[in-house]
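A short worksheet on the structure shown next.
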Amino acid sequence: MAAICVYLGSRAGNLPAYQQAAVRLGELIGQRGHSLVYGGARIGLMGELANSVMANGGEVTGVMPDHLVEREQAHLELDELIRVSNMHERKACMAERSDAFIALPGGIGTLEELFETWTWRYLGLHHKPLGLLDTEGFYQPLMTFLDSTVAAGFVAGETRAQLLDAATPEAMIELIEARLAGC
Numbered sequence: 000m001a002a003i004c005v006y007l008g009s010r011a012g013n014l015p016a017y018q019q020a021a022v023r024l025g026e027l028i029g030q031r032g033h034s035l036v037y038g039g040a041r042i043g044l045m046g047e048l049a050n051s052v053m054a055n056g057g058e059v060t061g062v063m064p065d066h067l068v069e070r071e072q073a074h075l076e077l078d079e080l081i082r083v084s085n086m087h088e089r090k091a092c093m094a095e096r097s098d099a100f101i102a103l104p105g106g107i108g109t110l111e112e113l114f115e116t117w118t119w120r121y122l123g124l125h126h127k128p129l130g131l132l133d134t135e136g137f138y139q140p141l142m143t144f145l146d147s148t149v150a151a152g153f154v155a156g157e158t159r160a161q162l163l164d165a166a167t168p169e170a171m172i173e174l175i176e177a178r179l180a181g182c
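For the sequence shown, numbering that gives the first Met the number 0 gives the first residue as 0, with consecutive numbering after it.
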């Protein structure tokens, strides 16, 4: 089965639907025999997702820079918590250990991880599927903007099409699994 890297907030956000989506995605990852790779925090959506994966029989690997272990309240009950020196090592380690990537709602860290991973795909450094879980339309403004970059001639349509999107955890897992099966 696949190791799925999930980028998401270390905060819970303002809508209960964000937490519900994180929990449901965790259920699906665990129940379908996948494993989770994520940022290693025990708080916010990150903690909800990790706990849900573990409660449903999935393995969880967290990757966290030493300077964030206390700040983000590292989850010490994971199958594996990898401590790295900096954010660059964190992203590289997460990407290396993953077969696919999903971004849930989150802040600037989530967006930075998403865009770097997508850029790596664009540059041919990997060919792993990448998707946005668009809970309650969270990513609609971003997707509209990305579509405008295609219309303005700055991003190729094929590059934009690499970024999958789905409104529900079920639909996202199915898209990711279908892309993995086609790889």
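Think of the CB as a built atom: it goes at the ideal place given N, C-alpha and C, for glycine as much as any other residue.
| Asked | Found |
| --- | --- |
| Gly57 beta carbon less than 8 Å from that of Arg35 | The sequence shown places Leu at residue 35, rather than the Arg named in the question. Result yes, Cβ atoms of Leu35 and Gly57 sit closer than 8 Å. |
| Rounded separation between Leu48 and Phe100 - CA only | 14 Å |
| Neighbourhood of Arg120 by C-beta distance below 8 Å, restricted to the same chain and skipping five residues each side | His126, Lys127, Leu129, Gln161 |
| Given 8 Å, three or more beta-carbon pairs between the region 67-76 and the region 93-112 | no |
| Chain-order list of residues whose beta-carbon lies under 8 Å from that of Leu44 (same chain, five-residue window excluded) | Leu7, Gly8, Ser9, Arg10, Ala11, Gly12, Tyr17, Gln18, Ala21, Leu103, Pro104, Gly105 |
| Distance between beta carbons of Ile81 and Val62, contact taken as under 8 Å | 5 Å |
| CB of Ala166 within 8 Å of CB of Leu174, strictly | no |
| Simplified DSSP assignment, three categories, for Val68 | coil |
| Run of the beta strand (DSSP E) containing Ser51, from where it starts to where it stops | Unbroken run through Ser51 is the alpha helix (DSSP H), 43-54; no beta strand (DSSP E). |
| Simplified DSSP assignment, three categories, for Leu103 | coil |
| Rounded distance between the beta-carbons of Leu179 and Ala40, thought under 8 Å | Not quite, the Cβ-Cβ distance comes to about 26 Å (not below 8 Å), so this is no contact. |
| N-terminal and C-terminal residue of the alpha helix (DSSP H) that Ala155 is part of | Looking at the DSSP string, Ala155 is not in any alpha helix (DSSP H), and its letter there is neither H nor E. |
| Same chain, Cβ closer than 6 Å to Gly29, neighbours up to 5 away in sequence not counted | Val52, Asn55, Gly56, Gly57 |
| Between the CA atoms of Asp98 and Pro64 - distance to the nearest angstrom | 21 Å |
| Classification of Gly152 by the beta-carbon crowding that lies within 10 angstroms, buried from 16 upward | exposed |
| Distance between Phe137 and Leu145 (C-alpha atoms, nearest Å) | 14 Å |
| Cβ neighbour criterion (16 or more within 10 Å) applied to Gly46 | buried |
| Beta-carbon proximity of Pro168 to Leu131, cut-off 8 Å | no |
| Buried or exposed (CB count within 10 angstroms, at least 16 for buried), Gly25 | buried |
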